[in-house]
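Below is one structure, written out as C-alpha cells, with a few remarks after it.
Numbering (the numbering used here), first residue to last: 15 to 341.
Here it is as C-alpha cells:
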C-alpha cells in the first residue's frame with residue numbers, strides 16, 4: 015500500500031455545517047491522497063458549488079442521479095473509486111492528519127489484509143472531545159479475530175480503509191440495512207481477507223443528533239440494541255457456514271456490549287412501552303462499567319421499567335434547565 019493507492023470518499027446528503035471540516039481533514043493528510051465527495055442526490059441545490067468553491071480542483075465532486083440511501087451510497091463510492099484502497103468519511107466526521115500515514119505503516123507491518131483501522135475519539139457537535147478509547151495494553155497493532163468481531167463492531171468511522179475490490183467480491187454493502195450495514199461488511203472482510211488494527215487515534219466521530227437520518231431514528235426509538243443483537247446472530251451464522259463453531263449467548267454478548275446507562279437515561283422516557291420493556295431487560299443484565307452505573311442498575315432491577323422512564327424524564331428536564339442556564 016502506498017498513498018497513490020488510496021482514495022478518501024466524503025459522503026454527504028444535505029449537511030453543509032460540517033462537510034468543510036471533513037473535506038479539509040482529508041486534504042490535510044501528511045501524505046496526500048485522492049479525495050472525492052459523493053453527494054446522495056440531496057435537496058441542497060447549491061451544495062456542490064459551495065464545496066467546489068471551497069476546495070476547487072483538489073477534489074472530485076459526484077452527485078448521484080437518484081437517492082440511493084446511506085449504505086448504497088457507500089457502494090456508489092466504491093463504483094467511483096479508481097484506486098485499490100478506499101476510506102469512507104462521513105460529512106460530520108473528520109480525520110487526524112496522520113490517518114493515511116498510519117494506515118500505510120500498518121499495512122506494511124501486517125501485510126495481506128483486506129481491512130485496516132485505527133481508533134477514533136468521540137467529539138460533540140462543536141468538535142470538543144467527549145470520549146476517547148483507552149490505549150490497548152497488549153499491543154501497538156493487532157490482527158482482528160473474526161469471532162470477537164462477530165459479537166461487537168470494533169471499527170468506528172472514520173478510522174477505516176479497505177480494499178474496494180474485496181468489498182465488491184462480497185456483494186457490496188447491504189443497501190437495505192437499517193443500522194448495521196458497516197458491521198456486516200467488516201465481519202465478512204475480516205473472515206475472508208483478514209483485518210488489522212492499530213492503537214493510534216486516527217479519526218474523530220461526531221456525536222450529535224440530526225433529524226431525518228435513518229440511523230438516528232433507530233437510536234431514538236430504542237431499536238438499536240435489537241438491531242445489534244440481530245446482526246451479532248447473523249454474524250455467528252455466517253461464521254458457522256465457514257466451519258467455525260459459534261453459538262450466540264446473550265450473557266456473553268451483554269458482557270462485551272453492555273447497554274449504555276447514559277443512553278437509557280437520555281432515551282427511556284421517549285420509548286414505547288414495548289421498547290422500554292425490551293431495553294430494560296437488556297440493561298439489567300448488562301455489566302456495569304463503573305460504580306455509578308452499578309448503583310443505577312441496582313435501582314433499575316429493583317424498581318422496574320416505569321421507574322427507569324420516570325428517572326429519564328427527570329434527567330432530561332434537569333439537563334434542559336442546565337443547558338438553558340449555560341446558554
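Cβ coordinates follow ideal geometry from the N, Cα and C atoms, glycine included. None of these values were measured; they are calculated from a predicted model.
Between the C-alpha atoms of residue 135 and residue 142 there is a straight-line separation of about 10 angstroms. By the Cβ criterion, the stretch 262 to 271 is not in contact with the stretch 170 to 188, since fewer than three pairs of Cβ atoms, one from each stretch, lie closer than 8 angstroms.
In the structure shown, residue 174 adopts extended strand secondary structure according to DSSP, grouped into three states.
One alpha carbon belongs to residue 78, the other to residue 314, and they sit about 47 angstroms apart. By the neighbour-count definition (other C-beta atoms within 10 Å, threshold 16), residue 258 is an exposed residue.
In this chain, the beta strand (DSSP E) harbouring residue 101 covers 99 to 104.
Under the three-state reduction of DSSP, residue 286 is assigned to coil, being neither helix nor strand. The closest CA to that of residue 282, considering only 306, 237, 243 and 271, is found on 237.
A distance of 8 angstroms or more separates the beta carbons of residue 80 and residue 158. Per DSSP, reduced to three states, the secondary structure at residue 143 is strand. In chain order, 108 and 109 place their CB closer than 6 angstroms to the CB of residue 39, counting only its own chain and leaving out the 5 sequence neighbours on each side.
If you draw a straight line from the Cα of residue 304 to the Cα of residue 165, it comes to about 22 angstroms.
DSSP places residue 230 in the helix class (H, G or I) of the three-state scheme.
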